[in-house]
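Residues 27 to 305 in my numbering are what the sequence shown lists, from first letter to last.
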Amino acid sequence: MSDEACVAFLKWSLPQLGLHWPGYRKVRRLVCKRLNRRLAELSLRDLSEYRDLLLHESGEWARLDAICRIPISRFYRDRGVFDAIGQKILPELAARAAERDDRTVRCWSAGCASGEEPFTLMMLWRYRVAPDWPRACLEVLATDADEVMIARAQAACYVRSSLKDLPQKWLEAAFVRSGDLFYLTSELRRGVEFQLQDIRSAMPDGPFGLILCRNMAFTYFDEQQQRQILDRLKERLHSGGYLVLGMHETLPVGSSGFDRLAPGLPIYRRERPTGGTNT
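As structure tokens, then:
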């Protein structure tokens, strides 16, 4: 199929899925490649025939929605963001947990793909935070709508390109190499739980001190869904808790209830009620 035909099809179909065409502009070739494979599976000649199929078989929309998921991830992706999490956010949350006397910091990685993000959080905790807060513990819940991604995350087996941003000492300490594959040690897997879940239809119970929702909702979802999801994320954050987006993402225009941690970082802190305490 031509690029023009694919773009036209995406501009027609994405809004019907609650998705946002501008977010797909740079990744459209990946989606178009998947669409080509789907046409071959269905023995269809072109996208016009696939469009007709969608109009007559509502169940195919779910398959198209899966085709449009973009699970691109790697360990320590966006170093400045994870440096801020390790140097400021997690130590602060550990201190606040100690004040509450429950010693547990709860984090949620939404759209975790094959697990690089939640396992990076656990590395930050073990190598940077735990030495100063030995009695505190980190619990990470990681969710994704793709069962294949969840299975890969649970296997915790990675290729070298997924690890290129990790500090060398962490790479050596956290993984066991077998040929071209790197297996995360059981120590780093403990405390990370994976669940199959689509953020548009369900979310885990809070509250969380930290939620990462990066390179997903605020890139690919339309504005209405972004606002709905932001409201629900806010409900699941502690007062004073942190929400982390992707480097090129921002909150919807006019959003309230959050303060930006620092210029240039997509990290937002949920405002505390005036005169309120941590909850």
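Each residue gets a CB set at the ideal place from its N, CA and C atoms; glycine is no exception.
Legend entry - Rounded Cβ spacing between Val185 and Leu207 (contact assumed at less than 8 Å): For Val185 against Leu207, the beta-carbon gap comes to about 7 Å, under 8 Å, which counts as contact.
Inset, instruction - Tell me whether Thr303 is buried or exposed, calling it buried when 16 or more other Cβ atoms sit within 10 Å of its Cβ. - result: Its pLDDT being 46, under 50, Thr303 is placed unreliably in this model, and the coordinates cannot settle the point.
Inset, instruction - Counting only runs of 3+ residues fully inside the region 155 to 225, write out the beta strand (DSSP E) ranges in chain order. - result: Qualifying beta strand (DSSP E) stretches, in chain order: 163 to 170, 183 to 185, 201 to 204, 207 to 210 and 218 to 222.
Inset, instruction - Could you tell me which of His82, Ser69 and Cys94 sits nearest to Cys32, measuring between CA atoms? - result: Closest by alpha carbon: Cys94.
Inset, instruction - Please classify Phe108: does DSSP put it in a helix, a strand, or coil? - result: The answer is helix: DSSP assigns Phe108 an H, G or I state.
Inset, instruction - Pick helix, strand or coil for Arg89, following the three-state DSSP scheme. - result: In this structure, Arg89 counts as helix in the three-state DSSP scheme.
Legend entry - Proximity winner among Ala123, Ala179 and Pro193, relative to Arg161 (alpha-carbon distances): Out of Ala123, Ala179 and Pro193, Ala123 has the C-alpha closest to the C-alpha of Arg161.
Legend entry - Pair within 8 Å by beta-carbon distance, Leu68 and Leu236: With respect to Leu236, Leu68 sits apart: the two C-beta atoms are not nearer than 8 Å.
Legend entry - Pick from Pro41, Phe244, Val270 and Trp134 that is closest to Gly106, judged by C-alpha positions: Nearest C-alpha to Gly106: Val270.
Inset, instruction - Would you tell me roughly how many angstroms separate the C-alpha atoms of Leu192 and Gly112, rounded to the nearest one? - result: Rounded to the nearest whole angstrom, the CA to CA distance from Leu192 to Gly112 is 13 Å.
Inset, instruction - State whether the region 238 to 255 contacts the region 38 to 51, with contact taken as three or more CB pairs (one from each stretch) at a distance under 8 Å. - result: Result yes; three or more Cβ-Cβ pairs closer than 8 Å.
Legend entry - Contacting residues, own chain, Cβ-Cβ under 6 Å from Gln223 (five flanking each side not counted): Within its own chain, the residues whose Cβ lies closer than 6 Å to the Cβ of Gln223, once the five positions on either side in sequence are excluded, are Thr169, listed in chain order.
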